[in-house]
Amino acid sequence: MLTVQRRNNRLQGVLVLLGLHENREYSPSLMKEAGNLATVITISRMRHFGSFVMYVALLAIADNLAISVKILFYQLLLHEVAIGAAGCRALQFFGSVLVSYCNWVLVLMAIERLVAVRYPFRIHFQSCLSGRKTACIVIVVGIIISLLCLPILWASEYDPTGVKCHVKNTPLLQTISWISSTIYFFIPFTILAVCNFLVAREIRLSFRLRNSFRSVHNFMVGRRSSDVPIQKQIMIMLFTATFMFILLNFPICLFLVFHTHWVATIGTASYDWKYFVQQIAYLLSDSNHAFNFYLYFLSARKFRAHFTHMIVTCERRHKCSKCADERYQLRRLQGT
1 MLTVQRRNNR LQGVLVLLGL HENREYSPSL MKEAGNLATV ITISRMRHFG
51 SFVMYVALLA IADNLAISVK ILFYQLLLHE VAIGAAGCRA LQFFGSVLVS
101 YCNWVLVLMA IERLVAVRYP FRIHFQSCLS GRKTACIVIV VGIIISLLCL
151 PILWASEYDP TGVKCHVKNT PLLQTISWIS STIYFFIPFT ILAVCNFLVA
201 REIRLSFRLR NSFRSVHNFM VGRRSSDVPI QKQIMIMLFT ATFMFILLNF
251 PICLFLVFHT HWVATIGTAS YDWKYFVQQI AYLLSDSNHA FNFYLYFLSA
301 RKFRAHFTHM IVTCERRHKC SKCADERYQL RRLQGT
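Per the UniProt record's numbering, the very first residue in the sequence shown carries number 1; after that it's consecutive.
Here is the structure:
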């Protein structure tokens with residue numbers, strides 16, 4: 001018994017050090033909110049909007065909504081607010097829809113990149129319809145995800161004695177777990193991996209054709225070798241995005257699928273280990289929304305240039321206003 005208690009205390013200590021003890025949403029939320037707000041502000045100051053820019057803005061908004069719903073849900077339960085069965089169902093439904101929707105926005109961005117690389121001339125021809133086409137696509141995807149998440153509304157229940165929401169351990173729970181994991185990870189990962197592989201393949205082929213063309217026409221060797229770092233940078237970005245998607249999303253999918261088979265009694269070491277694994281998996285899943293800003297926003301040269309210009313402009317305005325205040329105070333002192 002003493003060994004079990006010590007093990008439980010060590011697990012609780014690790015949870016506190018990692019910021020997972022009753023507050024796991026706050027650790028990634030600050031970085032996530034700051035990055036997504038910077039994305040929305042930067043895009044709102046841009047003059048021209050393409051479909052990819054709209055996807056990035058939608059991704060930032062969906063990320064913020066997802067983390068806001070999660071924080072609201074856990075804080076209401078933490079402070080023992082009686083939200084009832086309707087509150088449990090609504091918050092769990094919208095939370096599941098939003099987190100899945102964020103991953104599908106990444107899928108749409110990957111498909112957009114693949115079309116732009118595979119058919120570079122068609123993308124310009126369809127530019128006039130990109131806004132309407134993008135709006136229709138994102139609405140249809142959102143409706144499909146919402147329909148697939150509807151079983152949550154029937155399975156979620158509210159326990160007034162423990163002030164918590166839970167799902168019945170029935171065959172419907174297994175169905176919901178598999179549906180959630182499929183639309184949240186398995187299908188998006190498959191499409192992302194295929195699209196990124198095809199994009200990398202097309203880029204590699206284009207650089208080979210360009211280098212062979214330059215060698216035939218006796219172009220400079222220095223200019224030909226300068227394309228190698230660019231090619232490596234694009235490849236690294238694509239494979240890093242795929243690897244981070246697996247690392248951050250796969251653990252929660254495994255937990256959702258197999259947690260019904262992991263039966264643990266409250267107060268035992270098995271229950272503490274299950275709680276520890278659950279918190280780690282959810283932390284990684286929530287951190288995925290924070291890394292989207294750095295992978296898909298700052299990695300793009302155009303977004304990075306607009307973001308840097310906005311920061312520099314705000315800093316100059318702040319310095320100018322500060323200098324104006326100092327000159328005004330100096331004139332008042334000279335006048336007296």
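For each residue, glycine too, the CB sits at the ideal point set by N, CA and C.
Residues sharing a beta bridge with Tyr158, DSSP: Per DSSP, Cys165.
What is the residue span of the alpha helix (DSSP H) that Trp178 lies within? DSSP places Trp178 in the uninterrupted alpha helix (DSSP H) bounded by 171-181.
Please name the residue in Leu147, Leu295, Ala305, Arg210 whose C-alpha comes closest to that of Phe245. Measuring from the Cα of Phe245, the nearest candidate turns out to be Leu295.
Is the beta carbon of Cys253 less than 9 Å from the beta carbon of Cys165? Against a cut-off of 9 Å, the Cβ pair of Cys165 and Cys253 comes out as no contact.
Measure from the alpha carbon of Val97 to the alpha carbon of each residue in Leu247, Leu198, Leu153, then state which is nearest. The candidate whose alpha carbon is nearest that of Val97 is Leu153.
Quick one: what's got a C-beta closer than 6 Å to Val257's C-beta in the same chain, skipping five residues either side? Ser177, Ser181.
Beta-carbon separation (whole angstroms), Thr190 vs Pro151, contact threshold 8 Å: About 23 Å separates the CB atoms of Thr190 and Pro151; that is not less than 8 Å, and the two are not in contact.
Close beta carbons around Ser156, own chain, < 8 Å, minus the five adjacent residues each side: Cβ within range, chain order: Ala85, Cys88, Arg89, Gln92, Phe93, Cys165, His166, Val167.
Please state whether the Cβ-Cβ distance between Val138 and Cys195 is less than 9 Å. In this structure, Cys195 does not lie closer than 9 Å to Val138 by Cβ.
Within its chain, find whatever has a CB closer than 8 Å to the CB of Gln278; leave out the 5 residues flanking it on each side and keep chain order. Correct list, in chain order: Phe255, His259.
How would you write the range of the alpha helix (DSSP H) that Trp104 sits in, first residue to last? It spans 84-118 - the alpha helix (DSSP H) in which Trp104 sits, taken as one unbroken run.
Looking only at C-alpha atoms, which of Val117, Asp272, Trp104, Pro171 sits nearest to Val140? The shortest C-alpha separation from Val140 is found at Trp104.
Just tell me which of His79, Val40, Ser68, Thr265 has its CA closest to the CA of Val56. Nearest C-alpha to Val56 among His79, Val40, Ser68, Thr265: Val40.
Rounded separation between Ser285 and Asn211 - CA only: Ser285 and Asn211 have their C-alpha atoms roughly 41 Å apart.
Three-way DSSP call (helix, strand, coil) for His79 in this model: Reduced to three states, the DSSP call for His79 is coil.
So what's Ile61 in DSSP terms, helix, strand or just coil? Residue state, collapsed to three classes: helix.
So, with DSSP's three-state summary, where would you put Arg204? Helix.
If Leu148 sits next to Ile179, beta carbons under 8 Å apart, how far is it from one beta carbon to the other, in whole angstroms? Between Ile179 and Leu148 the Cβ distance is about 6 Å, and since that is below 8 Å, they are a contact.
Just the Cα atoms here: how many angstroms apart are Gly50 and Gly131? Going by the C-alpha atoms only, they are around 7 Å apart.
Straight-line CA distance for Ile144 to Pro160? When rounded, the distance between both Cα atoms is 32 Å.
Within 10 angstroms of the Cβ of Ala82, are there 16 or more other Cβ atoms? Answer buried if so, exposed if not. Ala82 counts as exposed, since fewer than 16 other C-beta atoms from the protein chains shown sit within 10 angstroms of its C-beta.
Let me know the secondary structure DSSP gives Asn8 once reduced to three states. Confidence in Asn8 is poor, its pLDDT being 47 and thus under 50, which makes the residue's placement unreliable; the coordinate value appears in the next sentence. Note: Asn8 maps to helix in three-state DSSP.
Just the C-alpha distance for Val115 and Leu198, rounded to the nearest angstrom, thanks. Near 10 Å, if we compare the C-alpha coordinates of Leu198 and Val115.
Reference Arg204, options Phe186, Leu248, Arg118, Ile183, closest by Cα: Arg204 has its Cα closest to that of Arg118, out of Phe186, Leu248, Arg118, Ile183.
Contact check, His289 vs Val99, beta carbons under 9 Å: One thing to note: His289 has its Cβ within 9 Å of the Cβ of Val99.
According to the Cβ coordinates, are Phe186 and Arg113 closer than 9 Å? Taking 9 Å as the Cβ cut-off, Phe186 and Arg113 do not qualify as a contacting pair.
Length of the line joining the Cα atoms of Phe291 and Ala60: Looking at the backbone, the Cα of Phe291 and that of Ala60 are separated by about 11 Å.
Measuring only the C-alpha atoms, how far is Leu72 from Cys102? The alpha-carbon separation between Leu72 and Cys102 amounts to approximately 18 Å.
Might you give, ordered along the chain, the residues of its own chain that have their beta carbon closer than 7 Å to the beta carbon of Leu65, omitting 5 neighbours on each side? Leu98, listed in sequence order.
Thinking C-beta only, is Phe239 closer than 9 Å to Ala200? A Cβ-Cβ contact shorter than 9 Å links Ala200 with Phe239.
For Gly142, which residues from the same chain have a beta carbon less than 7 Å from its beta carbon, with the 5 sequence-adjacent residues on both sides left out? Cβ within range, chain order: Tyr101.
Alpha carbon to alpha carbon, how far is Ser270 from Ser68? Give it in angstroms, no decimals. For the pair Ser68 and Ser270, the Cα-to-Cα distance works out to about 31 Å.
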